[in-house]
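**Student:** What follows is a structure written as structure tokens; I'll ask about it next.
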């Protein structure tokens, strides 16, 4: 179990790095619970995110895209980024605010990469907060 906790900490560190690169920070989570993912101690760690979380994140990304009114090409690229990350890295469920910041970061990166969309970060955070009860805000750089 200590191995799983160490891996959870490493995963959170990787998620936080992505979120910080996007200029976001997650708000503290009141649950304080460890991820509900158990990693078997087989010598080779499973780096795939569970399918249930995979489906949930794709659905949440679609809702976020609808609220932010982003073009289809931004949603497509954000989904491609999400697929890559979920298939090659372990993403944990808790704290929930990290998943919120993670989804917003994916949209911001996709919009930035395509250079076809002017996306106001503060406005997108406000829309996500109002429309989807997202709990994150922009971190000072």
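In the UniProt record's numbering, the protein residues as written are 1 to 141. Glycine residues also receive a C-beta, built at the ideal position from the N, C-alpha and C atoms. Since we're looking at a predicted model, the values are computed, not measured.
How is the beta strand (DSSP E) around residue 138 delimited, first residue to last?
**Tutor:** Residue 138 sits at position 138 when you count from the first residue of the chain shown. Note, residue 138: beta strand (DSSP E), 136-138.
**Student:** Compute every distance between the C-beta of residue 70 and the non-hydrogen atoms of the ligand SAM, then say whether any falls below 6 Å.
**Tutor:** In terms of ligand content, the structure shown is empty, and the ligand SAM therefore cannot be addressed.
**Student:** Under a three-way DSSP split, which group does residue 80 fall into?
**Tutor:** Counting from one through the chain shown, the residue named residue 80 turns up at place 80. Looking at residue 80 - three-state DSSP - the assignment turns out to be helix.
**Student:** Can you tell me which of the three DSSP states residue 91 falls into?
**Tutor:** Residue 91 sits at position 91 when you count from the first residue of the chain shown. Residue state, collapsed to three classes: coil.
**Student:** Could you give the C-beta distance for residue 122 and residue 135, rounded to a whole number, given that I count them as a contact under 8 Å?
**Tutor:** Position 122 of the chain shown, counted from the first residue, corresponds to residue 122. Position 135 of the chain shown, counted from the first residue, corresponds to residue 135. Incorrect: roughly 16 Å between the Cβ atoms, too far for contact.
**Student:** Whole angstroms are fine: how far does the CA of residue 96 sit from the CA of residue 131?
**Tutor:** Indexing the chain shown from 1 puts residue 131 at position 131. Indexing the chain shown from 1 puts residue 96 at position 96. In a straight line, the C-alpha of residue 131 is about 16 Å away from that of residue 96.
**Student:** Give me the Cα-Cα distance between residue 81 and residue 128, rounded to the nearest whole angstrom.
**Tutor:** In the chain shown, the residue the question calls residue 81 occupies position 81. In the chain shown, the residue the question calls residue 128 occupies position 128. Taking the straight line joining both Cα atoms gives about 19 Å.
**Student:** Is it buried or exposed, residue 65, if we count other Cβ atoms within 10 angstroms and call 16 or more buried?
**Tutor:** Position 65 of the chain shown, counting from 1, holds the residue named residue 65. Counting Cβ neighbours within 10 Å, residue 65 comes out buried, since at least 16 surround it.
**Student:** Assign residue 52 to one of two classes, buried (16 or more other C-beta atoms within 10 Å of its C-beta) or exposed (fewer than that).
**Tutor:** Counting from 1 along the chain shown, the entry for residue 52 is found at position 52. The residue in question, residue 52, is exposed, as its Cβ has fewer than 16 Cβ neighbours within 10 Å.
**Student:** So, for residue 54: in the same chain, excluding its five sequence neighbours on each side, which residues have a beta-carbon less than 7 Å away from its beta-carbon?
**Tutor:** If you number the chain shown from 1, residue 54 lands on position 54. If we look at residue 54 and ignore the five residues flanking it on each side, its Cβ neighbours are 86.
**Student:** Count the other CB atoms within 10 Å of the CB of residue 124; is the residue buried (16 or more) or exposed (fewer)?
**Tutor:** Taking the first residue of the chain shown as 1, we reach residue 124 at position 124. Buried, by the Cβ-count rule.
**Student:** Between the beta-carbon of residue 88 and the beta-carbon of residue 61, is there less than 7 Å?
**Tutor:** For this step, residue 88 is matched to residue 88 along the chain shown. For this step, residue 61 is matched to residue 61 along the chain shown. No, Cβ-Cβ distance for residue 88 and residue 61 is not below 7 Å.
**Student:** Report the rounded CA-to-CA distance for residue 78 versus residue 107, giving the unit in angstroms.
**Tutor:** Here residue 78 corresponds to residue number 78 of the chain shown, with the count starting at 1. Here residue 107 corresponds to residue number 107 of the chain shown, with the count starting at 1. Residue 78 and residue 107: Cα-Cα distance of roughly 6 Å.
**Student:** In angstroms with no decimal places, state the Cα-to-Cα distance between residue 93 and residue 58.
**Tutor:** On the chain shown, position 93 is the one that residue 93 refers to. On the chain shown, position 58 is the one that residue 58 refers to. Each residue's alpha carbon lies about 13 Å from the other.
**Student:** Between residue 70 and residue 13, what straight-line distance do the alpha-carbon atoms span, to the nearest angstrom?
**Tutor:** Along the chain shown, one-based indexing puts residue 70 at 70. Along the chain shown, one-based indexing puts residue 13 at 13. Cα to Cα, the separation comes out at about 29 Å.
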